[in-house]
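Structure, as structure tokens:
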Amino acid sequence: MSYRGPLLEAYNATKVEYRKLGSSGLRVSVPILGAMSIGDPSWHSWVIDEAKALPLLKAAYDRGLNTWDTADIYSNGRSEEIIGKFMREYSIPRHKLVILTKCFAYIGEDYAYQNDDEMPRTKDYVNHGGLSRQAIFRAVNASLQRLGTDYIDVFQIHRFDPTVPIEETMQALQDLVRDGKVRYIGASSMWATEFARMQAVAEVKGFTKFVSMQNHYSLLYREEEREMIRYCNATGVGLIPWAPLCRGRLARPLDSAETVRGKSDQKVKNDVKQLGYTDIDKSIIGRVQEIAGKRNWSMTEVALAWINRRVASPIIGFSSVDRIDEALAAKGKQLTADEERYLEELYQARAINGHE
């Protein structure tokens, strides 16, 4: 190796691998840092504030974890603001980060405001959400302002909007790419038929197509394998799943204490009977723990070794530097075919979760 000086320092400090995002030329870190847990605790009690978030982001950046996924709805924009503050505070060159954000939701004017169905019926929020041309342009400009940057690396639609013509949505996204505000576009949880229709419109019209799909995927939720993952793999769309550790259920023993989010998040409580708490789920978690013990790995390493082989990069939220290091320890780790079968064989079909 002929590296010297700063290049050698950067090489030695890099603890992640980088992969192409689907068939695009963009490379992202493995894993991707999920910034839903960064923002304002008044939005959700498990969210960490700026004072705790900035050093956490610096630790991630120093280790080479340079791809960060946020959204305008996370703490109603506060997550994006903190990422912007990080770049200014530590004088980070913009090109050294890959920033992903999203639009679709109605964003409250107060950090604590919770999105609900009544917002579009009010004078303050009409036309602020969904995937109309008006809403998309408003959202991207607001995100750029909060981030303090003039472009977004991957701008994602958070959900499908059946109330807006697909042609209108795809034309708006195309115009953002043409204007340089957005480099690539991506999508998040929806039906495979909806995603395929959007890609087809882009193909016919000569518009920019989605390069990524941020879907729900883990050892405990594999419904996406039926259609969405098959479609994405066949068409060169990079998979960057959310909840690859099932909100921590795959990262800790069955008899461990519940996380702060698990205790307080209403959505988690609503999902209790669906994800991570059924008898089958507990058996799968037990097998993750069993393999971890035999391999002398953490449970996180086992769960990530399984999913890392199947996707471009999983999105993981972190609350501490120790959690970052635990996830990065999965780099290069591989399960045997027998171990993978052992983890997979108990799975049973379940209700769709995440498209709402």
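Using my numbering, the letters of the sequence shown correspond one by one to residues 2 to 357. Heads up, the beta-carbon is just placed ideally off N, CA and C, and yes, glycines get one too.
When secondary structure is reduced to three states using DSSP, M191 falls in the coil class, being assigned neither helix nor strand. For G287, there is no enclosing beta strand (DSSP E); the enclosing alpha helix (DSSP H) covers residues D280 to R296. Residue nearest to I316 within the set L9, H356 and T71 is T71 (criterion: CA-CA distance).
Unbroken beta strand (DSSP E) runs of no fewer than 3 residues, entirely contained in the segment 140 to 215, are found at 153 to 158, 183 to 189 and 211 to 215, following chain order. As a beta-bridge residue in DSSP terms, I317 pairs with L34. The way I'd put it, the segment 100 to 112 doesn't touch the segment 49 to 57; fewer than three beta-carbon pairs between them come closer than 8 Å.
Separation of R253 and R179 (C-alpha to C-alpha, rounded to the nearest whole angstrom) is 45 Å.
Three or more Cβ pairs drawn from the segment 91 to 102 and the segment 147 to 158 lie within less than 8 Å of each other, which places the two stretches in contact. Under the DSSP assignment, I100 falls in the beta strand (DSSP E) whose first and last residues are V99 to C104.
Taking each of Q349, P121 and T123 in turn and checking the Cα distance to R227, the smallest one comes out for Q349.
Per DSSP, reduced to three states, the secondary structure at S92 is coil, with no helix or strand assignment. Listed in chain order, the beta strand (DSSP E) elements of length 3 or more contained wholly in the segment 5 to 63 are 18 to 21, 28 to 31 and 33 to 35. When DSSP reads this structure, W243 sits in a beta bridge with H217.
Considering only D41, E341, G65 and S257, the residue with the shortest C-alpha distance to A11 is G65. Under the DSSP definition of a beta bridge, T68 partners with V99. Taking C-beta atoms as the reference points, L34 and A61 count as a pair closer than 8 Å. Under the 10 Å beta carbon count, D73 is surrounded by 16 or more other beta carbons and is classified as buried. Proximity of the segment 13 to 32 to the segment 131 to 145 falls short of the contact definition, fewer than three beta-carbon pairs being nearer than 8 Å. Cβ-Cβ distances below 6 Å link M37 to Y75 and G318 in the same chain, with the five nearest sequence neighbours on each side left out; the list follows chain order. Only buried fits D282, as 16 or more other CB atoms lie within 10 angstroms of its CB. DSSP places Y348 in the coil class of the three-state scheme, outside both helix and strand. The secondary-structure analysis by DSSP pairs Y222 across a beta bridge with S219.
With 16 or more neighbouring CB atoms inside 10 Å of its own CB, D41 falls in the buried class. In the three-state reduction of the DSSP assignment, Y75 falls in the helix class.
Taking 8 Å as the cut-off, the Cβ atoms of V202 and G239 do not count as close. A direct Cα-Cα distance of roughly 20 Å separates Y218 from I186. The straight-line gap separating the alpha-carbon atoms of Q290 and M300 is approximately 6 Å. A136 sits in a helix when the DSSP states are folded into three classes. DSSP, reduced to helix, strand and coil, places I84 within a helical segment of the structure shown. Rounded to whole angstroms, the Cβ separation of S189 and R160 is 6 Å, and the two are in contact under 8 Å. Residues K59 of the same chain have their beta carbon placed closer than 7 Å to that of Y91, with the five preceding and five following residues left out of the count. Closest in alpha carbon position to Y112, among I49, A136 and K53, is I49.
Between M191 and H45, the C-beta gap is not smaller than 8 Å, which leaves the two residues out of contact. Spanning the alpha carbons of Y126 and M120 requires a straight line of approximately 6 Å. Exposure of H96 is indicated by the presence of fewer than 16 other C-beta atoms within 10 angstroms of its C-beta.
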